[in-house]
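Note that the protein sequences, when read in sequence, are chains A and B.
Under the working numbering, the first residue of the first sequence carries the number 130, and numbering increases by one thereafter.
Under the working numbering, the first residue of the second sequence carries the number 18, and numbering increases by one thereafter.
Beneath this line is the structure, given in structure tokens, with notes to follow.
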Amino acid sequence: MAGIQQVVAVSWLNILNLPQRIATSLVAVIGVAAVVLVFAAILSMAKGFERTMVAAGSDDTAIILRSGSTAELNSGLSNDSALIIENSPGIVKEGNRPITSAELYVVVDVRKKSTDADANVPFRGVQPSAMVVRPNVRLVDGRLFEQGKNEIIVGRAAQLEFDGLEVGSTIRFGQTNWAIVGTFEADGSVSESELWTDVRVLQGAYRRGTSYQSVRVKLDNTGSIVTLKETLDADPRVDVDVMSEKDYYSSQAEPLSRFIRLIGYPLTILMAIGAVFGALNSMYSSVSVRGKEIATLRALGFGPISVLVSTIIESTVLALAGGLLGGAAAYLLFNGFRVSTLNGASFSQVVFDFAVTPELLVQGLAAAAIIGLIGGFFPAIRAARLPVAQALREV
Amino acid sequence: MKYFGLVWKNVWRKKARTLLTILSVFVAFLLFALLNAIGHAFKAGVDVAQAERLVVIDKISLINPLPISYRNKIASTPGVAAVTHQSWFGGYYQDPRNQFAQFPTEPYGYFEMYPEHVISKEQLDTWAKTRTGAVVGRELAEQFGWKIGDRIPIQATIWTKADGGRTWEFDLVGIFSTDDPRGTTAFMLMNYDYFEEARAFGKGTVGWYVLRINKGADPVAIANAVDNEFANSPNETETSTEAAFATSFAKQFGNIALIVQLILGAVFFTLLLVAGNTMAQSIRERISEIGVLKTLGFTDHTVLGIVLAESVLIMLIGGVLGLSIGWVLVQGLGQQMGAFLPGIFLGPSALLIGLGCMIGAGVLAGAFPAIKGMRLTIVDALARR
């Protein structure tokens, strides 16, 4: 019991006189803050991107592509194939019409506001039930495009990120003028990065005949995907891949988020090592500055253990302060920050917000604590072993 | 130089502290090396672009194909010296994760257009004669361990064959390299004729054209002439210099590349700040010694020089070590990720900038205590005031 009291007393003393060692302590704090800032900032990019992609996919919607094509852009389905797919078992029906949307997915050059350069913006042709298949998509401004007309509705994120997509304006792609008639939202998912129009109009404008690239179907329950897959695999007239929309979007997200992580984690470790050196440095100098003080405490009867523990606590407190600082900075600077980048998997732009999640902040603080423990450990041993008589004699 | 011994002794007077400082400088410059290399990859070949090459793409989007009939019209545009075309194949090797670039193109046309890509005459002749032949860059061949004579199955994600198959088998007949170390060779080239004949759809089209203009010709005038030729046709074109095309493509990655660079740049300077502060502190602790030096007859400027040399030396030891290890890592990283992120490269200019940063940071960190030391009178210094 007395031991714990000693530890508490010495630690408290250390923390109270921290301001006297402000310069060296700050070095440790800033070093750790930088680690946590970078960790949270880079990983929040991966998190935000994944959130946007995953939010687009649902378990009870299946997406059907030509087999072997890894993305909608690469796929191609004839009108006949689309009809066979629509009339397969396992699909929800409204009256006797199955709820499906056969779609065309092309890419158009639109100027990105932030870079003032053309970017590959996805342009999707959809069938009337597209919004029934995707319940999270809803019109928030203007009206829906009319069937057969060169009219577009744009996702909210695309509208904010790219030039000339305001409701009421007209945009020209090649020989065709398109009127922008509405804005839709989709819970921040990747659909919001897209432009939508009537699929038949898009087929005409892009000379795609009656072909499609994907068919989305609403399943009557999540298990029906197996039935649907078996039926289509067995049908010699079609050659397609069936997957849940959720799986499809996570496969689209994988390469880029893997890449961000591949950079983020090693970088954090590297920087953490740098921060450990910073912490070690400032704790060694803290111990050497307090040499006389530590020796006095020992002479008064405080044990080496309490000196050891108190030094480790001091360094951990400094590191956690740095961690909080870095985490707060990351949250204020990056949370909700909107960017748009080229997703290699779909060769088109995805607009997403950075997400500094609580999980990331906790991980960052844990890293800070580890840095503090390591940075304090060796100086603490030196403090505990300080020869009392000699230290007291020093000027 | 004659004071090097003194500087060296000063550097190591507190071994642990100096070692830790050097290690944080080391980490900072390791980071600097990696950053530069990855940043280079995001530039998507801007610095290997040649001014006399123009790229012709569909005006609506790069993904829209152009008719093969455009080839002769472009070739006959005044000022155009040569023209060839490429298409995007978009396949993978064995696993969808092994995605790399493949371009069906014209064998002779390609290597005439890109003299920086070097292939032996025999291999090029063999490729032109082998219908199912393909050549790959050295980087790619090393990554997958391919040798000439291998038969390489590529899974198509776009181009189904007319017989319904999706596996295209190519015979590896040549390996090319590049004489520009900044450029990537992590891609595969196939015979357009075979591709055109065997694909199920899209016949009569190519992905984009690349043309070379006569020496001294005006690229803007020629680009306009090409675009005017196809104006008001179903496939309008957009012609730009290779550099402008690469820059515009690099911008597709948008602010992401910029943000990563900014964050890491901030970190780099934080690490330097931390190291610099420690160095400054160690000099402050020795003010009275400076007094002793001056008593012995060292001039103000010598004292200044000795102190600055010490902090620059620490920066150089850590920094050169960091850049060297970084350089080794970048070579490995290029091997590992060459296909996924081509163009990871650490150039001499980045190394020079790094060296400049070391010296600059060293001077900056040493300057304040050094100037203070220089101005100090002997009495004050000895009294530690």
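Don't be surprised by glycine CBs; every beta carbon is placed ideally from N, CA and C.
Could you check how far apart the C-beta atoms of residue i and residue j are, in whole angstroms? I think they sit under 8 Å.
{"i": "Ala558 (chain A)", "j": "Ala497 (chain A)", "result": "The requested residue 558 (chain A) does not occur in the structure, where chain A is confined to residues 130 to 524."}
{"i": "Pro236 (chain B)", "j": "Ala68 (chain B)", "result": "7 Å"}
{"i": "Glu403 (chain B)", "j": "Ala66 (chain B)", "result": "Any property of residue 403 (chain B) remains undetermined from this structure, which presents chain B solely from 18 to 402."}
{"i": "Leu141 (chain B)", "j": "Phe128 (chain B)", "result": "6 Å"}
{"i": "Glu226 (chain B)", "j": "Arg88 (chain B)", "result": "Reading off the sequence shown, one finds Tyr at residue 226 (chain B), where the question assumed Glu. 7 Å between Cβ atoms; contact."}
{"i": "Gly315 (chain A)", "j": "Asn265 (chain A)", "result": "The sequence shown places Ala at residue 315 (chain A), not Gly. About 5 Å separates the two Cβ atoms, so the contact holds."}
{"i": "Phe212 (chain B)", "j": "Ile136 (chain B)", "result": "So it is not a contact: roughly 19 Å between Cβ atoms."}
{"i": "Met332 (chain B)", "j": "Ala378 (chain B)", "result": "5 Å"}
{"i": "Val236 (chain A)", "j": "Pro251 (chain A)", "result": "6 Å"}
If we define contact as Cβ-Cβ less than 8 Å, is residue i a contact residue for chain D?
{"i": "Phe476 (chain A)", "result": "In the structure shown, chain D cannot be found, because the protein chains are A and B."}
Please report the distance separating the alpha-carbon of residue i from that of residue j.
{"i": "Tyr234 (chain A)", "j": "Met296 (chain B)", "result": "59 Å"}
{"i": "Ala326 (chain B)", "j": "Leu462 (chain A)", "result": "38 Å"}
{"i": "Ile193 (chain A)", "j": "Arg345 (chain A)", "result": "6 Å"}
{"i": "Leu393 (chain B)", "j": "Gly308 (chain B)", "result": "8 Å"}
{"i": "Ala33 (chain B)", "j": "Leu391 (chain A)", "result": "33 Å"}
{"i": "Val152 (chain B)", "j": "Gly501 (chain A)", "result": "54 Å"}
{"i": "Arg285 (chain A)", "j": "Val479 (chain A)", "result": "12 Å"}
{"i": "Ser322 (chain A)", "j": "Thr181 (chain A)", "result": "10 Å"}
{"i": "Val416 (chain A)", "j": "Val517 (chain A)", "result": "13 Å"}
{"i": "Lys311 (chain B)", "j": "Ala387 (chain B)", "result": "13 Å"}
{"i": "Leu273 (chain A)", "j": "Trp325 (chain A)", "result": "10 Å"}
{"i": "Ala382 (chain A)", "j": "Ile171 (chain A)", "result": "16 Å"}
{"i": "Phe388 (chain A)", "j": "Val137 (chain A)", "result": "46 Å"}
{"i": "Ala491 (chain A)", "j": "Gly456 (chain A)", "result": "According to the sequence shown, residue 491 (chain A) is Val rather than Ala. Whole-angstrom Cα-Cα distance: 9 Å."}
{"i": "Leu340 (chain B)", "j": "Gly403 (chain A)", "result": "15 Å"}
{"i": "Glu306 (chain B)", "j": "Leu399 (chain B)", "result": "7 Å"}
{"i": "Val28 (chain B)", "j": "Gly22 (chain B)", "result": "10 Å"}
{"i": "Arg511 (chain A)", "j": "Gln519 (chain A)", "result": "14 Å"}
{"i": "Thr312 (chain A)", "j": "Ile281 (chain A)", "result": "9 Å"}
{"i": "Asn203 (chain A)", "j": "Ala287 (chain A)", "result": "22 Å"}
{"i": "Asp349 (chain A)", "j": "Gln256 (chain A)", "result": "19 Å"}
{"i": "Gly473 (chain A)", "j": "Glu215 (chain A)", "result": "30 Å"}
{"i": "Leu437 (chain A)", "j": "His318 (chain B)", "result": "44 Å"}
{"i": "Ser196 (chain A)", "j": "Gly254 (chain A)", "result": "21 Å"}
Can you say whether residue i is buried or exposed, counting buried as having 16 or more other CB atoms within 10 angstroms of its CB?
{"i": "Arg48 (chain B)", "result": "One point to set straight first is that residue 48 (chain B) is Leu, not Arg, in the sequence displayed. Buried, because 16 or more other Cβ atoms sit within 10 Å of the Cβ of Leu48 (chain B)."}
{"i": "Lys19 (chain B)", "result": "exposed"}
{"i": "Ile398 (chain A)", "result": "exposed"}
{"i": "Glu223 (chain A)", "result": "exposed"}
{"i": "Ser86 (chain B)", "result": "exposed"}
{"i": "His134 (chain B)", "result": "buried"}
{"i": "Gly150 (chain B)", "result": "buried"}
{"i": "Pro227 (chain A)", "result": "buried"}
{"i": "Asp238 (chain A)", "result": "buried"}
{"i": "Ser250 (chain B)", "result": "exposed"}
{"i": "Ile39 (chain B)", "result": "buried"}
{"i": "Thr153 (chain A)", "result": "buried"}
{"i": "Gly138 (chain B)", "result": "In the sequence as displayed, the identity of residue 138 (chain B) is Lys instead of Gly. So Lys138 (chain B) counts as exposed."}
{"i": "Val100 (chain B)", "result": "buried"}
Please report the residue range of the alpha helix (DSSP H) in which residue i lies.
{"i": "Asp244 (chain B)", "result": "Pro236 to Glu246"}
{"i": "Val309 (chain B)", "result": "Ile304 to Thr312"}
{"i": "Asp142 (chain B)", "result": "Lys138 to Lys146"}
{"i": "Leu72 (chain A)", "result": "Only positions 130 to 524 of chain A appear in the structure, and residue 72 (chain A) is not among them; the question remains open."}
{"i": "Ser194 (chain B)", "result": "Per DSSP, Ser194 (chain B) belongs to no alpha helix (DSSP H); it is in the beta strand (DSSP E), Thr184 to Thr195."}
{"i": "Val227 (chain B)", "result": "Premise fails: Val227 (chain B) lies in the beta strand (DSSP E), Trp225 to Ile230, not in any alpha helix (DSSP H)."}
{"i": "Val262 (chain A)", "result": "Ala259 to Val262"}
{"i": "Glu295 (chain A)", "result": "First-last for Glu295 (chain A): undefined, no H or E at that position."}
{"i": "Gln276 (chain A)", "result": "It is not in any alpha helix (DSSP H) - Gln276 (chain A) carries neither H nor E in the DSSP assignment."}
{"i": "Pro365 (chain B)", "result": "Pro365 to Arg392"}
{"i": "Arg522 (chain A)", "result": "Val517 to Arg522"}
{"i": "Asp397 (chain B)", "result": "Ile395 to Leu399"}
Between which two residues does the beta strand (DSSP E) carrying residue i extend?
{"i": "Pro251 (chain A)", "result": "Ala246 to Val255"}
{"i": "Lys347 (chain A)", "result": "Ser343 to Lys347"}
{"i": "Ala151 (chain B)", "result": "Gly150 to Gly154"}
{"i": "Asn208 (chain B)", "result": "Phe204 to Asn208"}
{"i": "Gly271 (chain A)", "result": "Arg267 to Gly271"}
{"i": "Arg168 (chain B)", "result": "Arg168 to Ala173"}
{"i": "Thr258 (chain B)", "result": "Thr254 to Thr258"}
Margin query: Quick check for students: name the residue ranges of the alpha helix (DSSP H) that lie wholly in the segment 60-129 of chain B, counting only runs of 4 or more.
Written below: Along the segment 60-129 of chain B, the alpha helix (DSSP H) occurs as fully enclosed runs of 4 or more residues at 87-92, listed in sequence order.
Runs of beta strand (DSSP E) wholly within the segment 149-229 of chain A (minimum 3 residues, chain order)
Runs of the beta strand (DSSP E) spanning 3 or more residues and lying entirely within the segment 149-229 of chain A occur at 190-195, in chain order.
Every unbroken alpha helix (DSSP H) within the segment 417-502 of chain A, with a cutoff of 4 residues, ordered by chain: Counting only runs of 4 or more, we get 420-429 and 433-463.
Quick one: complete beta strand (DSSP E) runs, 3+ long, within the segment 299-324 of chain A?
-> DSSP runs (the beta strand (DSSP E)) wholly in the segment 299-324 of chain A: 299-302 and 305-314.
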